[in-house]
Amino acid sequence: GGCNQCATGGFKDHLEGFVYLLTREHAEFVRDNQIGITNNLQGRTYGYIKHGWTLIDHRRFAVGADARAYESRIKRMQTGLGTVGSVPADGYQLRSTEAWRTGSGLITVDNLKALDMALKIFEAKQLSEGENNGISKLAG
């Protein structure tokens, strides 16, 4: 915990940041994805790769806070779709809140552009549902 600006370790919002997308095969026709943020792409993903994950895509952000904001949008989508906890934590730093499995409600993807599309659809649907709820409250 603590302040992102004051912390001596962890992600630094003011530095260059990366969003990364990992995948691994869990079983035949079952795949896991995981998203994360880092200021050091190679250093952060090295251990995952050694433990069977594959780095399939990443996106560079000049300011880490923008990477954090993107990751937060993805996490909101995961929560909204109920995918949190669909991948049990394993022995290597896996945060199941940032991972999802085939069939969990969010498609497993091969790149961040596909994840962007899923995010746009989710956010548009949320906005539409919010507008419809507002209209029904006015009419009620």
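FYI, in our numbering the residues of the sequence shown are -7 to 132. Think of the CB as a built atom: it goes at the ideal place given N, C-alpha and C, for glycine as much as any other residue. Values in this document were obtained by computation on a predicted structure and should not be read as measured data.
Q) How big is the Cα-Cα spacing for A19 and W45? A) For this step, residue 19 is matched to residue 27 along the sequence shown. For this step, residue 45 is matched to residue 53 along the sequence shown. Looking at the backbone, the Cα of A19 and that of W45 are separated by about 13 Å.
Q | Limits of the beta strand (DSSP E) - the one that G74 falls within | A | Looking up residue 74 in the sequence shown gives position 82. Neither: G74 is in no beta strand (DSSP E) and is coded neither H nor E.
Q. For the candidate residues G9, G28, E17, whose alpha-carbon lies nearest to that of L107?
A. In the sequence shown, the residue the question calls residue 107 occupies position 115. Looking at the Cα atoms, G28 is the closest of the given residues.
Q | Inter-stretch contact (C-beta, 8 Å, three-pair minimum) for the segment 66 to 78 and the segment 101 to 119 | A | Short answer: they touch.
Q.
What does the Cβ neighbour count give for A91, buried or exposed, with the cut at 16 atoms within 10 Å?
A. Counting from one through the sequence shown, the residue named residue 91 turns up at place 99. By the neighbour-count criterion, in which a residue is buried when 16 or more other Cβ atoms sit within 10 angstroms of its Cβ, A91 is buried.
Q: Rank L14, G77, T100, Y62 by C-alpha distance to the C-alpha of H133 and give the top, closest one.
A: Outside the shown range of the chain, which is -7 to 132, sits residue 133, and nothing can be said about it.
Q) In or out: L104 buried (at least 16 other Cβ within 10 Å) or exposed? A) What you label residue 104 is simply residue 112 of the sequence shown in a count that begins at 1. L104 comes out buried.
Q: Name the one or two DSSP bridge partners that R51 has.
A: If you number the sequence shown from 1, residue 51 lands on position 59. Secondary-structure assignment with DSSP links R51 through a beta bridge to V11.
Q. When the Cα of R65 is compared with those of G39, Q118, N31, which residue comes out closest?
A. In the sequence shown, the residue the question calls residue 65 occupies position 73. Residue Q118 is the option with its Cα nearest to R65.
**Q.** Cβ neighbours of R16 in the same chain (closer than 6 Å, five flanking residues each side left out)
**A.** What you label residue 16 is simply residue 24 of the sequence shown in a count that begins at 1. Contacts found: D24, G44, W45.
Q: Mind reading off the beta-carbon distance from L33 to Y62? Whole number of angstroms is fine, and I expect it under 8 Å.
A: One-based indexing of the sequence shown puts residue 33 at position 41. One-based indexing of the sequence shown puts residue 62 at position 70. Rounded, the Cβ-Cβ distance is 15 Å, inconsistent with contact.
Q: Just tell me which of D5, G39, E121 has its CA closest to the CA of A57.
A: Residue mapping note: residue 57 aligns to position 65 of the sequence shown, counting from 1. A check of alpha carbon separations from A57 across D5, G39, E121 identifies D5 as the nearest.
Q. Under the rule that 16 or more other beta-carbon atoms within 10 Å means buried, what is S96, buried or exposed?
A. Looking up residue 96 in the sequence shown gives position 104. With at least 16 other beta carbons inside 10 angstroms of its own, S96 counts as buried.
**Q.** alpha helix (DSSP H) segment containing I41, residue limits
**A.** Working through the sequence shown from its first residue, we reach residue 41 at position 49. Counting along the chain, the unbroken alpha helix (DSSP H) around I41 starts and ends at 33 to 42.
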